[in-house]
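Residue numbers for the sequence shown, in full-length UniProt numbering: 1 to 359.
See structure below.
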Amino acid sequence: MALLGACATSQAAADALPAHTQDDGAAERVRAIDAMLQRYLKPGVPGAVVLVTDHGVPLFRKAYGLAKVSENVALDPGMSLRVGSITKQFTAAAIMLLAEQGKLALSDKVGQYLPAFAGADSQVTIEHLLTHTSGIRNYTELPHFVERMNSDVSVEDGIAFFKDAKPEFAQGDRFAYSNSNYFLLGAIIERVSGMPYADFMARNVFEPLQLTHTRIETGAAPADVIGYTQERRKVTVSPDYSMRWPYAAGALRTSVDDLALWDQAIVHNKLLKPESWQRMATSYRLHGVRATGYGYGFFIRSIRGRAAIEHGGDIGGFSADMMRFPQEEIFIAVLANNDAGDPAPDELAAKIAALVLPR
Numbered sequence: 001m002a003l004l005g006a007c008a009t010s011q012a013a014a015d016a017l018p019a020h021t022q023d024d025g026a027a028e029r030v031r032a033i034d035a036m037l038q039r040y041l042k043p044g045v046p047g048a049v050v051l052v053t054d055h056g057v058p059l060f061r062k063a064y065g066l067a068k069v070s071e072n073v074a075l076d077p078g079m080s081l082r083v084g085s086i087t088k089q090f091t092a093a094a095i096m097l098l099a100e101q102g103k104l105a106l107s108d109k110v111g112q113y114l115p116a117f118a119g120a121d122s123q124v125t126i127e128h129l130l131t132h133t134s135g136i137r138n139y140t141e142l143p144h145f146v147e148r149m150n151s152d153v154s155v156e157d158g159i160a161f162f163k164d165a166k167p168e169f170a171q172g173d174r175f176a177y178s179n180s181n182y183f184l185l186g187a188i189i190e191r192v193s194g195m196p197y198a199d200f201m202a203r204n205v206f207e208p209l210q211l212t213h214t215r216i217e218t219g220a221a222p223a224d225v226i227g228y229t230q231e232r233r234k235v236t237v238s239p240d241y242s243m244r245w246p247y248a249a250g251a252l253r254t255s256v257d258d259l260a261l262w263d264q265a266i267v268h269n270k271l272l273k274p275e276s277w278q279r280m281a282t283s284y285r286l287h288g289v290r291a292t293g294y295g296y297g298f299f300i301r302s303i304r305g306r307a308a309i310e311h312g313g314d315i316g317g318f319s320a321d322m323m324r325f326p327q328e329e330i331f332i333a334v335l336a337n338n339d340a341g342d343p344a345p346d347e348l349a350a351k352i353a354a355l356v357l358p359r
């Protein structure tokens, strides 16, 4: 199914580009991006917000479609949307910040902080959580999760829900993406800092970087952007569920503008030391040998032959992707209020990359 899009004229395409960057080459790339997106993002259905920056300068910034279908309210480029697992890199950065402050070490056993994992046979470390190599099963795939996800949950009860599930493998032996890892990282942040995870993130990550449209959701969703899904080829409002479950693994709400600021914080080594950012963006190696393709909150990929750092997110009614090309200093963000888009945000981001990367 298509996402949504507003019909754009050539003038609208030009408006997507800041005036000070409207040279012929940049304008041509803007027209190409807009023309491509219009093939997939159709009018009258849920939409997407797209931002592309080149060396930190906005190249393309545009919203396609409707934030509220029933009220015919258009998406705006400045709106904040849920971004699901893009949350994980922010959680990882918070852990690195605490490590730089000497309040924890990545080699620490999880049981040092969380009693539920304090058994003598538990050798899972913080780094195992960061890299999805703990073997702890993904709580969103456990039996009865769907029945519980509409109800609020405490951090302790959330951990209790999955802590006794049989490990998928011995820690460090494999990579297996598991939201449980980042749920536990949120709990560790709370234990070490003495603050609720959402408050710690606001005070120590979002505010210092001036991410004014970014927050961790803990209650009812704002009503400015509604999430949608597809049922039998019909676009419908997605059922809502408690954001206490996604927590440190997926409860972030943000805008493309704030994600661009986040990208520049990484580029210019704000918040963390260069070696911390570099470690986050380096593929973890199983037993020091085989690369997993995942760092700390980032997938490490090759896209069109270029080194890329990427992560997507899917959460009821919303889907998202952000893609960084460190060598070319190209950043792409696609945030959609539709969890059933075709192409999905990661595919749209890859198509945009094909148009903007130097050949």
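We put the beta carbon where it would ideally sit given N, CA and C, even for glycine.
Bear in mind that the values here come from a model prediction, so they are computed numbers and not experimental data.
Check	Outcome
Please report the straight-line C-alpha distance between H268 and E329, rounded to a whole angstrom.	11 Å
Suppose contacts are defined by Cβ-Cβ distances below 9 Å. Is F325 in contact with A353 by that definition?	yes
Within this structure, are the beta carbons of A26 and V334 separated by less than 9 Å?	no
For G135 and V30, I'd like the C-alpha separation in whole angstroms.	44 Å
State buried or exposed for R359, treating a residue as buried only when at least 16 other CB atoms are found within 10 Å of its CB.	exposed
When the Cα atoms are used, what is the spatial distance from D346 to A99?	31 Å
Quick one, are the C-beta atoms of D257 and L41 less than 9 Å apart?	no
Using a Cβ-Cβ cut-off of 7 Å (strictly less than) and excluding sequence neighbours within five positions of L357, which residues of its own chain qualify?	R304, R306, F325, E328 and I330
How big is the Cα-Cα spacing for V235 and A63?	19 Å
With a CB to CB cut of under 8 Å and the five nearest residues on each side skipped, what residues in its chain are close to L142?	F161, F162 and A165
Distance, Cα to Cα, A248 vs K68?	27 Å
Compare the beta carbon distance of D314 and G84 with 9 Å and say whether it is the shorter of the two.	yes
Leaving aside the five residues before and after G186 along the sequence, list all residues of the same chain whose C-beta is less than 8 Å from its C-beta, in chain order.	T91, V155, Y197, Y247, A248 and A249
Residue ranges of each beta strand (DSSP E) run of no fewer than 3 residues wholly in the segment 210–259, ordered along the chain?	228–231, 234–237 and 252–254
Given a cut-off of 9 Å on the beta-carbon distance, is the pair G295 and T53 in contact?	no
Using the Cβ count rule (16 or more neighbours within 10 Å means buried), how would you classify P46?	buried
Is the segment 112–129 in contact with the segment 170–189, if contact means three or more CB pairs nearer than 8 Å?	yes
Work out the CA separation of I33 and D23 for me, nearest whole Å.	15 Å
If you draw a straight line from the C-alpha of I159 to the C-alpha of H55, how long is it?	41 Å
What residue from S302, G297, F318 and G317 has the CA that sits closest to H311's CA?	G297
From the DSSP secondary-structure annotation, give me the bridge partner or partners of V334.	V50 and D321
Which term fits F169, buried or exposed, when burial requires 16 or more other beta carbons within 10 angstroms of its beta carbon?	exposed
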